[in-house]
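In this note's numbering, the protein residues as written are 91 to 168.
See structure below.
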């Protein structure tokens, strides 16, 4: 099923809005944030520029620990 450019743009905007208003309080929120960022990357295409824009989200190999990602998120928001 192919999505039109307008649909991809609308869904991307919704995801960006959700990410902008999210507050990370626990691990579940962090997991949701990572899933939303991955979905946004998939929607826009997995070009190197888009991955750098949204941080290094590991797609293969060993994943970062959730606790480390939570600490990084707190540093970025401070």
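Cβ atoms here follow ideal geometry from the backbone N, Cα and C, with glycine treated the same way.
Q | 8 Å contact criterion, which residue 120 and residue 108 should meet: CB distance rounded | A | About 14 Å separates the two Cβ atoms, so there is no contact after all.
Q) If you compare alpha carbons, which of 117, 158, 134 is closest to residue 100? A) 134
Q) In whole angstroms, what separates the C-alpha of residue 129 from that of residue 165? A) 23 Å
Q) How about residue 112 and residue 96: do their beta carbons lie closer than 9 Å? A) no
(Q) Could you give the first and the last residue of the continuous alpha helix (DSSP H) run that contains residue 94? (A) Here residue 94 belongs to no alpha helix (DSSP H), and DSSP marks it neither H nor E.
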